[in-house]
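Here the structure is laid out as C-alpha cells; the discussion comes afterwards.
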Amino acid sequence: MTSIDFHLPPPVFARSLIGALLTVDGVGGRIVETEAYDAGDPASHSFRGPSRRNAAMFGPVGRAYVYRSHGLHWCLNIVCGADVGGAVLIRAIQPMAGIEIMRERRGMEAVERLCSGPGKLCQALAVTGAHDGLPMILPPFSLTLAKVEPDIVTGPRIGISKGVETPWRFGLAGSAFLSRRF
DNA sequence: CCCGAGATTGACT
DNA sequence: GTCAATCTCGGGA
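The numbering used here puts the first residue of the first sequence at 5, with every later residue one more than the last.
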C-alpha cells in the first residue's frame, strides 16, 4: 500500500495524480488531466485569502475542495502542499467503473465525453458541495496512485485570465479522455 | 448596495 | 464562432 503525500507542492502533486484511480461510491476511473493552484498564484481561489467558499483550501491537506462554478457546475479539487492555499483541480477522468451509472447521470453520451471536464466529472461521479472538506482517503472517496508514472504532457491552464503563462496543466499523453487538446 | 467577473457547459448561429 | 444559465466574491458608489 503506497501512502499518498498530500504535502507535495501542488504542481508536483498534480503530476503525480495522472494515472491515479479515483472513485466516489465505486464510480470513477483513471485521472487523465489535472491543474495546480497555490496561494501565491493570482489564478487561485486562495490568492485573496480565506472566504466562505474556499475555506477547505485553508484546512488540512488531503481533503476535497468542491466549489460551484458559474452558479451551475461543481468542480473537485484536492487540497495539498507544504503551505496552506494549495490545491489540484481534477479536470478529466477516463471512466473505468460504473459507466452505466455515469450515463444515467449525464444522459446518453460517448464514453470519451462522460468525464472530459471538471464540471462533467462531478456530475458523472455525483460530487457536490456536500463533499467539500471531506478526506480523500476515506469513503465515499477512494484514491490510488498509479504504480508507474505514465507519459505526461504539460501546458497552460484552461479558462483563467491571470497566471495564464504558468504551465501547471498536466495530462496523460495521447489520452482520448481529455477536456481539450494540449 | 449594486455590478461585473469567474478554475464551465451545452445549445444555438 | 456566440451566449445564457445562476452563485460567490470583491471592488466601487
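Ideal Cβ placement from N, Cα and C applies to all residues, glycine included.
- Distance from the CA atom of Ser73 to the CA atom of Val152, rounded to whole angstroms, is 33 Å.
- Across the set Gly163, Tyr41, Arg67, Val70, the C-alpha of Gly163 shows the shortest separation from the C-alpha of Arg184.
- Residue environment for Asp87: exposed (fewer than 16 other C-beta atoms within 10 angstroms of its C-beta).
- Selection Leu176, Val168, Ser179, Gly33 evaluated against Pro46 yields Val168 as nearest (Cα-Cα).
- Bridge pairing for Trp78: Arg72 [DSSP].
- Membership of Leu118 in any alpha helix (DSSP H) is not indicated, and neither H nor E is assigned to it by DSSP.
- Linking Gly121 to His11 through their CA atoms gives a straight-line distance of about 25 Å.
- A Cβ-Cβ separation of about 7 Å places Thr132 in contact with Val70 under the 8 Å criterion.
- If you draw a straight line from the Cα of Ala68 to the Cα of Arg117, it is about 23 Å long.
- A Cβ-Cβ separation of about 5 Å places Leu147 in contact with Leu26 under the 8 Å criterion.
- Of the residues Lys124, Val28, Arg107, Ile35, the one whose Cα lies closest to the Cα of Trp78 is Lys124.
- Partner residues in the beta bridge of Phe174, as assigned by DSSP, are Thr38, Thr158.
- With fewer than three CB-CB distances shorter than 8 Å, the stretch 51 to 59 does not count as touching the stretch 13 to 22.
- Ser48 sits buried, since 16 or more C-beta atoms from the chains shown fall within 10 Å of its C-beta.
- Rounded to whole angstroms, the Cβ separation of Pro99 and Cys119 is 6 Å, and the two are in contact under 8 Å.
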